[in-house]
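Using numbering that gives the first Met the number 0, read the sequence shown as starting at 0 and increasing by one per residue.
First up is the structure itself, then whatever we jot down about it.
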Amino acid sequence: MNAVDASDHYEVSSHEATPSLLSIVIDTNPRAWAALNDILPLSKAIANILVFVNAHLAFSNANQVAIIASHSNRAVWLYPSKPGAANSEDVAMTGVDSFAPTPNQSSANKFPQFAQIEAAVMAGMRQLVDATTEADLACTTTQLSGALTLALTHINKTSLSLNETNKAPDAARPTSSALSRLRARIFILSVSDSEPVQYISTMNAVFAAAHSQIPIDTLALSGDATFLQQASYITDGTFMQAASPRGLLSYLMFAYSADAEARSSLIPPTHHTVDFRAACFCHGRVVDTGFVCSICLSIFCDVPENSECLTCGTKLSLGSYGAKPAVIPRRKKKKKKTVLANGHIREETGSAAGTPRPG
Numbered sequence: 000m001n002a003v004d005a006s007d008h009y010e011v012s013s014h015e016a017t018p019s020l021l022s023i024v025i026d027t028n029p030r031a032w033a034a035l036n037d038i039l040p041l042s043k044a045i046a047n048i049l050v051f052v053n054a055h056l057a058f059s060n061a062n063q064v065a066i067i068a069s070h071s072n073r074a075v076w077l078y079p080s081k082p083g084a085a086n087s088e089d090v091a092m093t094g095v096d097s098f099a100p101t102p103n104q105s106s107a108n109k110f111p112q113f114a115q116i117e118a119a120v121m122a123g124m125r126q127l128v129d130a131t132t133e134a135d136l137a138c139t140t141t142q143l144s145g146a147l148t149l150a151l152t153h154i155n156k157t158s159l160s161l162n163e164t165n166k167a168p169d170a171a172r173p174t175s176s177a178l179s180r181l182r183a184r185i186f187i188l189s190v191s192d193s194e195p196v197q198y199i200s201t202m203n204a205v206f207a208a209a210h211s212q213i214p215i216d217t218l219a220l221s222g223d224a225t226f227l228q229q230a231s232y233i234t235d236g237t238f239m240q241a242a243s244p245r246g247l248l249s250y251l252m253f254a255y256s257a258d259a260e261a262r263s264s265l266i267p268p269t270h271h272t273v274d275f276r277a278a279c280f281c282h283g284r285v286v287d288t289g290f291v292c293s294i295c296l297s298i299f300c301d302v303p304e305n306s307e308c309l310t311c312g313t314k315l316s317l318g319s320y321g322a323k324p325a326v327i328p329r330r331k332k333k334k335k336k337t338v339l340a341n342g343h344i345r346e347e348t349g350s351a352a353g354t355p356r357p358g
C-alpha cells in the first residue's frame with residue numbers, strides 16, 4: 000500500500016558509513032631519533048604523520064583517529080587529549096626541532112578538526128620533551144607493550160560506545176540499514192629495537208588484537224623490530240622496513256592509507272622474511288633454540304633448576320637430554336704367538352707382511 004499512496008517516497012532512508020578508527024603509535028625514543036636527526040628530524044616526521052591523519056579523516060566523516068607516544072619510560076596520549084590540555088593556537092610545522100606554537104593567525108582555510116588534532120599533538124609532544132630527563136636518554140628501547148594496551152583499550156571503549164548508540168529506538172532516528180561493527184587498525188612507527196623483557200606483555204596484546212581482528216601495521220625506520228614483525232604476521236597487518244626514511248610520507252600514503260576492507264581489493268606490500276625468534280622467560284634473551292613448557296608454553300634458554308617450569312611449576316620431561324652416554328671400553332686385539340726355530344715365542348699384533356717400499 001505504501002507504493003500506491005506514495006508513502007515510501009517521503010520515507011527517509013540513510014546508509015551510515017561504517018566508522019574506521021586508526022590508532023597510531025609513535026616511537027619517540029630520544030636516542031633513536033637523535034641518530035636519525037640528519038636524515039629525518041622528529042618534527043618533520045610528526046608533520047608527515049599529521050598529513051596522514053588528515054587524509055584518513057578526509058575519507059569519511061565517520062572516521063576517527065587516536066595518537067599515542069611510546070616513550071622510553073612510559074606511553075602517553077597525544078590525541079584525544081585531556082579536556083583543556085590543548086590550546087587553540089596554530090603550530091608551525093616547518094621547523095626542524097621546535098614544537099613551540101606560533102601566535103594565533105587566521106585559520107579560515109584550515110578544517111577545524113585538523114587544527115584541533117594538530118594543536119593537541121604538538122602540545123603533547125612539547126610536554127613529553129620537557130619531561131624527558133637525562134636518565135631517559137640512555138634507554139635504547141620503548142614502552143611498546145603499554146602503548147599497544149592503551150590503543151586496544153581505546154578501540155574497545157569506542158566500539159562499546161558505538162554499540163550503545165546503535166541501540167537507540169528506531170523511532171528516534173530515520174530508517175537505516177544494519178550497521179557494521181567498528182573497523183579498527185593500529186599503525187606503529189618504529190625507530191628502536193624490540194625489548195626482550197616486554198616480550199610476554201607485547202605478545203599478549205598482539206594475540207588480543209588478532210582475536211578482535213584488529214590488524215597491526217608497522218613501518219620500521221630503523222632498529223631491529225623483531226616482535227613487530229611477528230605482530231604484523233599474526234594480525235594480518237603490513238610490515239615494512241623503510242629503505243629511505245626521508246620518504247616517510249610516501250610510505251604512509253601509498254602503503255598504509257587503505258583499511259582492512261579496502262586491502263582485500265588491493266595488493267599490499269609484503270615482507271618476505273619474518274623473524275619468529277622468541278624471548279626466554281628466565282633472562283629475557285632472544286633465542287633461536289630453547290626449552291618450552293608443554294603446559295603454559297613458557298620458553299627458557301636453558302634447563303631450569305630441578306627441571307621445573309618457573310611459571311607454572313610443572314616438572315619438565317626432558318627424556319634422555321643431558322644424560323652422559325655410556326662409555327664402552329674398546330675390545331683389545333688378541334696377540335698372535337709364533338714359535339721360532341730356537342724355541343722362543345714371539346707375539347705379533349700387526350700384519351706379518353712388511354712395510355711396502357715406494358716404487
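Note that CB positions come from ideal geometry on N, CA and C, so glycine has one too.
Values in this document were obtained by computation on a predicted structure and should not be read as measured data.
Original post:
Which one of R182, V196, R276 and I233 has the shortest CA to CA distance from A207?
Top reply: In the sequence shown, counting from the first residue as 1, residue 207 sits at position 208. With distances taken between Cα atoms, A207 lies closest to I233.
Original post:
Smallest Cα separation from D362: which of I215, D223, R180 and L181?
Top reply: An answer regarding residue 362 cannot be provided, because it is not within the stretch 0 to 358 covered by the chain.
Original post:
How many Å lie between A254 and L248 at the Cα?
Top reply: For the purposes of this step, residue 254 is taken as the residue at position 255 of the sequence shown. For the purposes of this step, residue 248 is taken as the residue at position 249 of the sequence shown. Rounded to the nearest angstrom, the two C-alpha atoms are 10 Å apart.
Original post:
Once you ignore the five residues that flank A259 on each side, which residues in its own chain have a CB closer than 7 Å to its CB?
Top reply: On the sequence shown, residue 259 is found 260 positions in, with the first residue counted as 1. Once the five neighbours on either side are set aside, the close Cβ partners of A259 are R182, R184 and P214.
Original post:
From P29 to D287, what does the alpha carbon distance come to, in whole angstroms?
Top reply: Taking the sequence shown and counting its residues from 1, one reaches residue 29 at position 30. Taking the sequence shown and counting its residues from 1, one reaches residue 287 at position 288. Roughly 30 Å between the two C-alpha positions.
**OP:** Could you pull out every residue in the same chain whose Cβ sits closer than 6 Å to the Cβ of Q197, ignoring the five residues on either side in sequence?
**Re:** Walking along the sequence shown from the start, residue 197 turns up at place 198. Answer for Q197: S144, listed in chain order.
**OP:** Take D235 and list the residues in its own chain whose beta-carbon comes closer than 7 Å to its own, dropping the five residues that flank it on each side.
**Re:** As a first step, residue 235 is located in the sequence shown; it is residue number 236 there, counting from the start. Hits under 7 Å: P214.
Original post:
Helix, strand or coil: which one does DSSP assign to A277?
Top reply: Position 278 of the sequence shown, counting from 1, holds the residue named residue 277. In the structure shown, the three-state DSSP call for A277 is strand.
**OP:** Scan the region 202-266 and note each continuous beta strand (DSSP E) run of 3 residues or more that stays entirely inside, going in chain order.
**Re:** 215-219 and 238-240
Original post:
Is there at least one non-hydrogen atom of the ligand SAH closer than 7 Å to the beta-carbon of A259?
Top reply: Absent from the structure shown: the ligand SAH. Ligands present: none.
Original post:
Ordered along the chain, which non-local residues of its own chain (more than five positions away) have a Cβ less than 6 Å from that of C311?
Top reply: Position 312 of the sequence shown, counted from the first residue, corresponds to residue 311. I294 and C295.
Original post:
Just how far apart, CA to CA, sit V190 and F110?
Top reply: Here the question's residue 190 lines up with position 191 in the sequence shown. Here the question's residue 110 lines up with position 111 in the sequence shown. Between V190 and F110, the C-alpha separation is close to 31 Å.
Original post:
With distances taken between CB atoms, is the gap from K242 to L220 smaller than 8 Å?
Top reply: If you number the sequence shown from 1, residue 242 lands on position 243. If you number the sequence shown from 1, residue 220 lands on position 221. The amino acid at residue 242 is misidentified as Lys; the sequence shows Ala. No, the Cβ-Cβ distance between A242 and L220 is not below 8 Å.
Subject >> Coil, strand or helix - A137 by DSSP >> reply: Counting from 1 along the sequence shown, the entry for residue 137 is found at position 138. A137: coil per DSSP, three-state reduction.
Original post:
How many angstroms separate the CA atom of L178 from the CA atom of S231?
Top reply: The residue labelled residue 178 in the question sits at position 179 within the sequence shown. The residue labelled residue 231 in the question sits at position 232 within the sequence shown. Reliability of the predicted coordinates at L178 is poor, the pLDDT of 38 falling under 50, and the value obtained from them is presented with this limitation in mind. The straight-line gap from Cα to Cα measures roughly 28 Å.
Original post:
At which residue ranges does the region 32-90 contain complete beta strand (DSSP E) runs of 3 or more residues, listed in the order of the chain?
Top reply: 63-69 and 74-78
**OP:** Can you grab the Cα-Cα spacing for the pair L251 / L265, in whole Å?
**Re:** Position 252 of the sequence shown holds residue 251. Position 266 of the sequence shown holds residue 265. Cα to Cα, the separation comes out at about 16 Å.
Original post:
So the beta strand (DSSP E) V24 belongs to, where does it begin and stop?
Top reply: In the sequence shown, the residue the question calls residue 24 occupies position 25. Start and end: S19 to D26.
Subject >> Among I23, A278 and T27, nearest to T131 - alpha-carbon criterion >> reply: Working through the sequence shown from its first residue, we reach residue 131 at position 132. Measuring from the Cα of T131, the nearest candidate turns out to be T27.
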